[in-house]
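Student: Structure below; questions to follow.
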Amino acid sequence: MEPPRDRSVKMEKFAKRAKIFYTLPFLFSILYLVFHFDLFLSILSLFIQKISTLILTPNPLVFFLSIILITYVSFMISASLDLKLHEQLIIIFLLANFIISVIILVLGLVGLLYFQNVIYIIFTLLIIFLFIRVTFHKDNKYNLTKLMYQFFRATATTNNALITIFSCLMLIIPFYGILMPDLGWDALMYHLYIPASWIKESSIHIPSATKYGNLKYWMYYPSNAELLYSFVLLISGDDIFVELCQFFHGIFISLIIYAFLRRINVKHEISVFSFPITFTIPAVFLQSITAYNDLMLAAYLLCSFYFIYRLCEKTPKYWSIFTSISLGLLLGIKYSSAIYIIIIFLISLARRELRSRRLCFIFLGSLLFGGYWYLRNFILTGNPFYPYGLKIGPFIIFEGDVDATKYLWLFEYKIQPMQWFLLPLTEEKYAHDYAGFGIFLLPSLPLYCKLLHELKKTSSLYKPLTLFFFLVPFYVLLVWVIQPFKFTRFLIPALSIIVNSTLIEFSLLQYNLEVHRVFRNWMIMLILLALLTNSLYLIFKVHPLEFETAIDYLLNKYS
């Protein structure tokens, strides 16, 4: 057996080696900036010019003010509840999206989808909640400054430069998205076309579209994401902010995973790694700057699972309302959401901690919040899942005009599955659908399998609810296999959990200081390499134009 001292020296060398390696991305970035400094200055000056133009126009100011007011209303609701900081942030984000969606949906259905009406409703809500606060609640729980102080204190106490690096990268991503237009097929064909049509007609309706590519059928899809896009387009008067919707839902995914890790007693210093780790996945990284809806689906799916997890712990009744809202927002994103709802319902039904009456309330509430699109399609066509049919074995439940299996050739991958890991290094074409898994998944997958085995084998670690949450990737994979269109971005909920499972293994090693330090250094190196790879892919390869042409476009050399 190797002497302890020799082993300690080896571990020290191994840790130092990793530390040297994870400084390489910084050196590479600095060298690149030095050699392309003129290009960097051109883009920076353009960005400053564009931002200054936005600040001087009234609509963006009103947009940001509206977001602040809605966030404050959501804060006042959450402040009356006994919640920890991270759970309060989850509830604030969820309620803000819910309030925006309901405002746009109600005004759109009555044909009053106008700028001034949205503003009137926001101010009315603010006045109502301020009145309730002044009249019934006079304590200090509604101090937004206190919440912000707690948030910054929680992040500042993390002795890790990685969080600062992550914050800088996360600022760069939406800025780049503002500079570059979203030319994704789905974004242009219906994610942005539908809300633009609603705003033009001041009502929610099924827009007319050509038969080319079956576009006219896409207008029947569930449109909760388009409700958010409608709000952004209507209030800001510009389409440059719509990509921020997906970006913030990406952060929301990280926050939910952070909350779950804290729930199973993983330390804050370790759990906070969930934010950069989630964005190491190329599919998440690229989706965060698009006007698609895949990060929204992943966020509400994981949020619903987390709320069900909390409900099983005999939590107060208000968690049932939040679960209904989360499931309702999920149901109205995509048709595949309905399959997830059924899976969640069946698993919840098997839990003894949840009463049948409470479950019925939750799922009926989700139908109320997210079932409008299905009801509309059923009234108009007799099929809630129009244009697709629904078959169970040989039995046809609903007839559809589109057979999805006939269009599989459009969605077949041009690469082999094992190449998904290295796709940011090899793929040279604009494709949000082929974004890949990322290099961080390679070490994460065996650790995830090991963790599942330990959760089942070790009685001290085994909790049915914990295992239930970590089986989410299998549920996602099941739905991915069932549906005909198989894109990497559909696996984002599964990928997010798998890559973050390394943090639990990291937490289990905290009492073995030598191994813990080595694991930490190599994990940081992999995270930085993955983020750097994604950044370079974003800057050089994600746009359909050649890079030089894209820069010329930015510098206004092309109309």
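Numbering of the sequence shown is given in the numbering used here, commencing with residue -11 and proceeding in unit increments. Virtual Cβ for every residue (Gly too), placed ideally from N, Cα, C.
1) Bridge partners for Lys379 per DSSP, in chain order?
2) In chain order, which alpha helix (DSSP H) runs of at least 4 residues are fully inside the region 184 to 238?
3) At the level of alpha carbons, what is the spacing between Arg251 and Phe263?
4) So does the region 236 to 246 actually touch the region 109 to 119, counting three or more Cβ pairs closer than 8 angstroms?
5) Report the option in Ile56, Leu71, Leu222 whose CA atom is closest to the CA atom of Val106.
6) Please classify Tyr450 as buried or exposed, where buried requires at least 16 other C-beta atoms within 10 Å of its C-beta.
7) Can you tell me whether Asn365 is buried or exposed? The criterion is at least 16 other CB atoms within 10 Å of its CB, across all chains shown.
8) Please classify Cys437 as buried or exposed, where buried requires at least 16 other C-beta atoms within 10 Å of its C-beta.
9) Just verifying my parser: in three-state terms, what is the DSSP assignment at Val621?
10) Arg346 lies in the alpha helix (DSSP H); which residues open and close that run?
11) Whose CA, out of Phe475, Met64, Tyr178, Ile485, lies closest to the CA of Pro461?
12) Using three-state DSSP, classify Val390 as helix, strand or coil.
13) Rounded to whole angstroms, what is the Cα-Cα separation between Tyr323 and Asn85?
14) Does Ile427 come out as helix, strand or coil in the three-state DSSP assignment?
15) Using the beta-carbon count (16 or more within 10 Å), is Ala338 buried or exposed?
16) Please state the DSSP three-state secondary structure of Asp70.
17) I'd like to know whether the C-beta atoms of Leu290 and Pro481 end up nearer to each other than 9 angstroms.
18) Rank Leu176, Leu355, His256, Arg477 by C-alpha distance to the C-alpha of His74 and give the top, closest one.
19) I want to know whether the region 309 to 320 touches the region 263 to 283 - three or more CB-CB distances under 8 angstroms.
20) Any idea what DSSP makes of Val254, helix, strand or coil?
21) Judging by CA-CA distance, which residue of Leu83, Val61, Ile109 is the nearest neighbour of Ile120?
22) Mind checking which residues open and close the alpha helix (DSSP H) that includes Leu180?
23) Within this structure, are the beta carbons of Ala287 and Phe428 separated by less than 9 angstroms?
24) Going by other Cβ atoms of all chains shown within 10 Å of its Cβ, with 16 needed for buried, is Asp70 buried or exposed?
25) Quick one: grab the DSSP three-state call for Tyr108.
26) Could you check what DSSP says for Thr266 in three-state terms: helix, strand or coil?
27) Measuring alpha carbon to alpha carbon, tell me which of Ile385, Trp307, Ile492 ends up nearest Glu442.
28) What residue does the alpha helix (DSSP H) around Ser312 start on, and which one ends it?
29) Label Ile87 either buried or exposed according to how many other C-beta atoms from any shown protein chain fall within 10 Å of its C-beta, with 16 as the threshold for buried.
30) Rounded C-beta distance between Gly388 and Tyr376? I'm assuming under 8 angstroms.
31) Can the beta-carbon of Leu430 be found less than 9 angstroms from the beta-carbon of Ser489?
32) In chain order, what residues of the same chain lie with their CB nearer than 6 angstroms to the CB of Gly353, ignoring the 5 residues before and after it?
33) Rank Leu215, His179, Val230 by C-alpha distance to the C-alpha of Met207 and give the top, closest one.
34) What residue does the alpha helix (DSSP H) around Pro461 start on, and which one ends it?
35) Return helix, strand or coil for Asn371, following the three-state DSSP convention.
Tutor: Working from what's here:
1) For Lys379, DSSP records a beta bridge to Ile384.
2) Positions of the alpha helix (DSSP H) runs, each at least 4 residues long and wholly inside the region 184 to 238, are given as 203 to 206, 212 to 224 in order along the chain.
3) One C-alpha to the other measures close to 16 angstroms.
4) The way I'd put it, the region 236 to 246 doesn't touch the region 109 to 119; fewer than three beta-carbon pairs between them come closer than 8 angstroms.
5) Per the Cα distances, Leu222.
6) Because Tyr450 carries a pLDDT of 46, less than 50, the predicted location of this residue cannot be relied on, and the following value inherits that uncertainty. With fewer than 16 other Cβ atoms within 10 Å, it is exposed.
7) Buried, by the Cβ-count rule.
8) Exposed, since its Cβ has fewer than 16 Cβ neighbours within 10 Å.
9) As shown, the chain starts at -11 and ends at 547. That puts residue 621 outside it, with no answer to give.
10) In this chain, the alpha helix (DSSP H) harbouring Arg346 covers 344 to 358.
11) Looking at Phe475, Met64, Tyr178, Ile485, the one whose alpha-carbon comes closest to that of Pro461 is Ile485.
12) In the three-state scheme derived from DSSP, where H, G and I count as helix and E and B as strand, Val390 is classed as strand.
13) Going by C-alpha positions, Tyr323 is about 20 angstroms away from Asn85.
14) The three-state secondary structure of Ile427, taken from DSSP, is coil.
15) Around the beta carbon of Ala338, fewer than 16 other beta carbons lie within 10 angstroms, which makes this residue exposed.
16) Reduced to three states, the DSSP call for Asp70 is coil.
17) Cβ atoms of Leu290 and Pro481: closer than 9 angstroms.
18) His74 has its Cα closest to that of His256, out of Leu176, Leu355, His256, Arg477.
19) The answer is no - the region 263 to 283 does not touch the region 309 to 320, with fewer than three Cβ pairs under 8 angstroms.
20) Here Val254 sits in coil by DSSP.
21) Looking at Leu83, Val61, Ile109, the one whose alpha-carbon comes closest to that of Ile120 is Val61.
22) Premise fails: Leu180 is in no alpha helix (DSSP H) and is neither H nor E.
23) Phe428 is positioned such that its CB atom lies no closer than 9 angstroms to that of Ala287.
24) Exposed, because fewer than 16 other Cβ atoms sit within 10 Å of the Cβ of Asp70.
25) Note: Tyr108 maps to helix in three-state DSSP.
26) In the structure shown, Thr266 sits in a helix (DSSP, three-state: H, G or I).
27) That would be Ile492, whose Cα lies nearest to the Cα of Glu442.
28) Where Ser312 is concerned, the enclosing alpha helix (DSSP H) stretches over 306 to 319.
29) Burial of Ile87 is indicated by the presence of at least 16 other C-beta atoms within 10 angstroms of its C-beta.
30) With a beta-carbon spacing of about 5 angstroms, Gly388 and Tyr376 fall inside the 8 angstroms limit used to define contacts.
31) Not in contact: Leu430 and Ser489 (Cβ atoms no closer than 9 angstroms).
32) Contacts found: Ser312.
33) The candidate whose alpha carbon is nearest that of Met207 is His179.
34) For Pro461, the enclosing alpha helix (DSSP H) begins and ends at 460 to 470.
35) Correct three-state label for Asn371: coil.
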